[in-house]
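Have a look at the structure below, then the notes.
Number of protein chains: 2
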Amino acid sequence: MDHIYMKKALELSLLGEGRVNPNPMVGAVVVKDDKIIGTGYHKEYGGPHAEVFALDEAGDKAQGATLYVTLEPCSHYGKTPPCAKKIVEMGIKKCVVSCLDPNPLVAGTGVKYLEDNGIEVITGIMEKDGIEINKIFFKYITKKIPYLFLKCAITLDGKIATSNGSSKWITNEISRERVQAIRNKYSGIMIGINTLLADNPSLTARIENGRDPYRIVVDPYLKINLESKFTNFSDKKSIVITSKDNLENNPEKIKTLIDKNIILVYLENYQFKISDILIELGKLSIDSVLLEGGGYLISQAFKENIIDEGEIFIAPKILGDEKAISFVKGFSIENIADGIQLENIRINTYGDNVSFSFSS
Amino acid sequence: MDHIYMKKALELSLLGEGRVNPNPMVGAVVVKDDKIIGTGYHKEYGGPHAEVFALDEAGDKAQGATLYVTLEPCSHYGKTPPCAKKIVEMGIKKCVVSCLDPNPLVAGTGVKYLEDNGIEVITGIMEKDGIEINKIFFKYITKKIPYLFLKCAITLDGKIATSNGSSKWITNEISRERVQAIRNKYSGIMIGINTLLADNPSLTARIENGRDPYRIVVDPYLKINLESKFTNFSDKKSIVITSKDNLENNPEKIKTLIDKNIILVYLENYQFKISDILIELGKLSIDSVLLEGGGYLISQAFKENIIDEGEIFIAPKILGDEKAISFVKGFSIENIADGIQLENIRINTYGDNVSFSFSS
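Quick look at the structure:
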């Protein structure tokens, strides 16, 4: 039965997707006499934990019940009081945990607290699923580097735009709908300056009740257009990554951007490494970045072999134009076996479009 | 019930795939008192027609029975005596036909002969399927131009080989198995001279009981290597398409090729149109051509908008090398909407490979 209740808890956890970052998604179920008497999930960053909702719903009946929770209950005072303490106070008899919390502040201390207080603890139930669901959290909490997801839409000949930047639309509506769902999962969406200048994108998650991610543009030479949509949000969620040299070379534009509530991140020189960009974004509590283009950043990400996961959408369209923009370039491959081989492939179809999902 | 028996006849017809060209695939079923008393299909080019096998199996019982046949019975003396005559002689009462024969030598005269002899004829049962199965025959018999099928295997960035021609293997084994089945369907396999020089391919259909197709190389400057596999088959099924100028410029090589049982086809100048190539191949009774590459011929076929059908296999591999060989090039596209849009898409998966099937 453990698997059935844990599966329910894992499903509940997913309801917090895109709303709890950089916290983990967590689901909890309280069971007594083979009946679910309380459920909960972590709904939003800084809000009560899953266990609290589930235990409160169970109320007095929690006495002697079993708690299923997808991640080790916390034992420290963070934004909220420790769950482990509440679990003991509510009289839970047994606690079934999917995976331990890699957060150095928890890391086994939650389980220890429960056991020290006489609660039977079982860990590792559907552990793989528990870790998979929180792969963003697991990476960020241990490395402080955002999880990097690549999304791109290409033609059959691997182009992301024509030579003059026309890219609307390569993929069909069903694919683009799917992209909106992807955008809802990540804390930030990152593009290169050329993509911004060509497309003037909104970079919002256009799904019902979706929350907007951070918008991030990599713009070494500060070419950004002050009339672009990007520079005219008032939510302090637009980030420009630019060369430190612009502080000296272009102080007025920087001042204007700051006045427009744009967050500026400075890096040395002009050829940025994605790994350096991610370190800086991690410092801003951004736990995950969706890289959407263009060709330069995507190529750079492949060169640094730094992509955690991705989905490449393909439309049955051909440009056949050597001047069109390739989604990856700059490699020199002599033998076909030396090409970049994507791993852990899953194939998805969206009408007449197809996508390869992959992960490192 | 008509559909059930016609479906059976259509299934039977497919058993002749790749063996009857340039004749049509035909299946036939004789039914009496709701029982199948005879079945047949056209087994090989020049051999007895489907109706003959089915009627002979039914024997005397054919008297008063119904014949289901996927294509209008012939009424003329060709390689075999007319089936319509035999149908009358055997005492068939009713004849159900999927589609009329577009062959100008038949074209309704078969049905007329049957009706004139008191047989009830119903046509158009599962007609779409009947035409679909024989699309090669329908094109060739009316236009004398071979049906053109494109097959290619590309990386995610649309490359068919590295800059130095390395292409083994882009796709996985399951995809390559599927290619062997495709090769079995078409009368000829066509490649460009560069592909031949780079790969030295066998161009055989490596499936059990498969028959070998014509091997066709487009070689305007007669660069062919006399040690290649291509020039060393003794079956008179290797065709070199070259410039007429070589008769004068390279008479010795031409003589050697002729001595090696190679068929030579001459075209004017050096920039051949695929349409001209197909006309010449049609004259050799080749009803269908599988175009396998390379980039030049594929691009040319797209430019001439002459591809009847195709399947493009994609592997989750990226070369990212601008010098690698693109599967289509030479177009100049400003607006994404002006790209080549493949139509009638079907998506197929082969393990971690995917393919787009399309048709004009």
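Those protein sequences? They're chains Y and V, same order as listed.
Those letters in the first sequence? Residues 1 to 360, per the numbering used here, in order.
Those letters in the second sequence? Residues 1001 to 1360, per the numbering used here, in order.
Using N, Cα and C, we set each Cβ at its ideal position, and we do this for glycine too.
Please work out which residues of its chain come closer than 8 Å, Cβ to Cβ, to residue i, disregarding the five sequence neighbours upstream and downstream, and give them in chain order.
{"i": "V/L1010", "result": "G1027, T1070, S1098, M1126, D1129, G1130 and I1133"}
{"i": "V/H1003", "result": "I1125 and M1126"}
{"i": "V/I1336", "result": "none"}
{"i": "Y/R211", "result": "G18, R19, N184 and A205"}
{"i": "V/E1343", "result": "F1358, S1359 and S1360"}
{"i": "Y/S163", "result": "D321, K323, A324 and I325"}
Name the chain Y residues that come within less than 7 Å of residue i, Cβ to Cβ?
{"i": "V/T1155", "result": "G339"}
{"i": "V/L1100", "result": "Chain Y residues near V/L1100: none, gap ~32 Å exceeds 7 Å."}
Going by CA-CA distance only, name the one from the options that's closest to residue i.
{"i": "V/A1161", "options": "V/G1339, V/S1326 and V/I1340", "result": "V/S1326"}
{"i": "V/P1316", "options": "Y/G158, Y/S332 and Y/E268", "result": "Y/G158"}
{"i": "Y/I263", "options": "Y/E292, Y/L100, Y/F230 and Y/S275", "result": "Y/F230"}
{"i": "Y/P22", "options": "Y/H42, Y/K35, Y/N164 and Y/K8", "result": "Y/H42"}
{"i": "Y/S234", "options": "Y/V20, Y/N261 and Y/I254", "result": "Y/N261"}
{"i": "Y/I170", "options": "Y/I154, Y/I258, Y/I182 and Y/S163", "result": "Y/I154"}
{"i": "V/P1073", "options": "V/E1051, V/G1091 and V/D1056", "result": "V/E1051"}
{"i": "V/Q1271", "options": "V/I1312, V/S1013, V/Y1221 and V/G1064", "result": "V/Y1221"}
{"i": "Y/N232", "options": "Y/I122, Y/I258, Y/N246 and Y/N249", "result": "Y/I258"}
{"i": "Y/K223", "options": "Y/K236, Y/K253, Y/E248 and Y/L247", "result": "Y/K253"}
{"i": "Y/Y77", "options": "Y/N249, Y/M90 and Y/T109", "result": "Y/T109"}
{"i": "V/I1141", "options": "V/N1344, V/S1285, V/K1323 and V/K1255", "result": "V/S1285"}
{"i": "Y/K143", "options": "Y/T349, Y/Q341, Y/I279 and Y/L105", "result": "Y/I279"}
{"i": "V/L1394", "options": "V/N1225, V/L1203, V/N1249 and V/V1088", "result": "Residue coverage of chain V in this structure runs from 1001 to 1360, which leaves residue 1394 of chain V outside it and unanswerable."}
{"i": "Y/I92", "options": "Y/E334, Y/S228 and Y/E120", "result": "Y/E120"}
{"i": "Y/P24", "options": "Y/N103, Y/N348, Y/F302 and Y/M90", "result": "Y/N103"}
{"i": "Y/S167", "options": "Y/P201, Y/A181, Y/F138 and Y/M190", "result": "Y/P201"}
{"i": "Y/I345", "options": "V/L1156, V/I1182, V/N1249 and V/I1036", "result": "V/L1156"}
{"i": "V/K1079", "options": "V/D1276, V/H1049 and V/P1251", "result": "V/H1049"}
Suppose the cutoff is 6 Å on Cβ atoms and the five residues either side in sequence are ignored; what does the same chain contact list for residue i look like?
{"i": "V/T1066", "result": "V1031 and K1094"}
{"i": "Y/S288", "result": "I136, P146, Y147, Y186 and S187"}
{"i": "V/A1198", "result": "G1165"}
{"i": "Y/D101", "result": "L71 and E72"}
{"i": "V/E1115", "result": "V1121"}
{"i": "Y/Y45", "result": "V20 and N23"}
{"i": "V/K1236", "result": "N1261"}
Residues in the same chain with beta-carbon distance under 7 Å from residue i, minus the five sequence neighbours each way, listed in chain order, please.
{"i": "Y/N269", "result": "S243"}
{"i": "V/Y1113", "result": "S1075 and A1084"}
{"i": "Y/L68", "result": "The identity of residue 68 of chain Y in the sequence shown is Tyr, whereas the question assumes Leu. Correct list, in chain order: Y5, M6, A9, A28, V29, V31 and V96."}
{"i": "V/V1179", "result": "K1151"}
{"i": "Y/I312", "result": "C152, I154, S355 and F356"}
{"i": "V/Y1350", "result": "N1172, I1174, S1175 and R1178"}
{"i": "V/D1352", "result": "N1172 and P1316"}
{"i": "V/L1015", "result": "Y1041"}
{"i": "Y/I333", "result": "G339"}
Write down the C-beta distance between residue i and residue j rounded to the nearest angstrom, noting that I regard them as a contact closer than 8 Å.
{"i": "Y/G188", "j": "Y/L281", "result": "6 Å"}
{"i": "V/L1319", "j": "Y/G339", "result": "5 Å"}
{"i": "V/I1239", "j": "V/Y1214", "result": "6 Å"}
{"i": "Y/V362", "j": "Y/I314", "result": "Only positions 1 to 360 of chain Y appear in this structure, which leaves residue 362 of chain Y out of reach."}
{"i": "V/A1062", "j": "V/G1040", "result": "The Cβ separation is near 12 Å, so there is no contact."}
{"i": "V/V1218", "j": "V/L1297", "result": "6 Å"}
{"i": "Y/S359", "j": "Y/E304", "result": "Not a contact, Cβ separation roughly 16 Å."}
{"i": "V/G1294", "j": "V/N1194", "result": "5 Å"}
{"i": "Y/K273", "j": "Y/S299", "result": "That pair is no contact at about 13 Å."}
{"i": "V/V1407", "j": "V/T1123", "result": "This structure cannot speak to residue 1407 of chain V, because chain V is shown only from 1001 to 1360."}
If the cut is a Cβ gap below 9 Å, which residues of chain V does residue i touch?
{"i": "Y/N164", "result": "E1334 and N1335"}
{"i": "Y/D361", "result": "No answer is possible for residue 361 of chain Y: the residues shown for chain Y start at 1 and end at 360."}
{"i": "Y/L284", "result": "Correct list: empty, because the minimum Cβ distance to chain V is about 30 Å."}
{"i": "Y/L203", "result": "None at all; the shortest Cβ gap to chain V is about 20 Å."}
Residues of chain Y with CB under 8 Å from residue i, in chain order?
{"i": "V/T1349", "result": "I347"}
{"i": "V/L1150", "result": "The contacting residues do not exist; V/L1150 stays about 11 Å from chain Y at best."}
{"i": "V/L1196", "result": "What V/L1196 touches in chain Y: nothing, since even the nearest Cβ is about 18 Å away."}
Which bits of chain V does residue i rub up against, with CB to CB less than 8 Å?
{"i": "Y/A324", "result": "I1333"}
Listing by chain order, which chain Y residues have their CB less than 9 Å from the CB of residue i?
{"i": "V/F1356", "result": "L156, I314, P316, D352 and V354"}
{"i": "V/K1168", "result": "I336 and A337"}
{"i": "V/F1302", "result": "I318 and G320"}
{"i": "V/S1299", "result": "G320"}
{"i": "V/L1067", "result": "Within 9 Å Cβ-Cβ: nothing; V/L1067 doesn't reach chain Y, min ~40 Å."}
Cβ closer than 7 Å: which chain V residues qualify as neighbours of residue i?
{"i": "Y/V328", "result": "D1157, I1318 and G1320"}
>> So within the segment 113-197 of chain Y, which uninterrupted alpha helix (DSSP H) runs reach at least 4 residues, ignoring any that extend past its ends?
In response: 127-133, 135-143 and 173-183
>> At 4 residues or longer, what runs of the alpha helix (DSSP H) sit wholly inside the segment 1023-1103 of chain V?
In response: 1050-1058 and 1083-1089
>> For a minimum of 4 consecutive residues, which ranges assigned as the alpha helix (DSSP H) are wholly contained in the segment 272-358 of chain Y?
In response: 274-283 and 295-303
>> Could you tell me which whole alpha helix (DSSP H) segments of length 4 or greater appear in the segment 1222-1276 of chain V?
In response: 1246-1249 and 1251-1259
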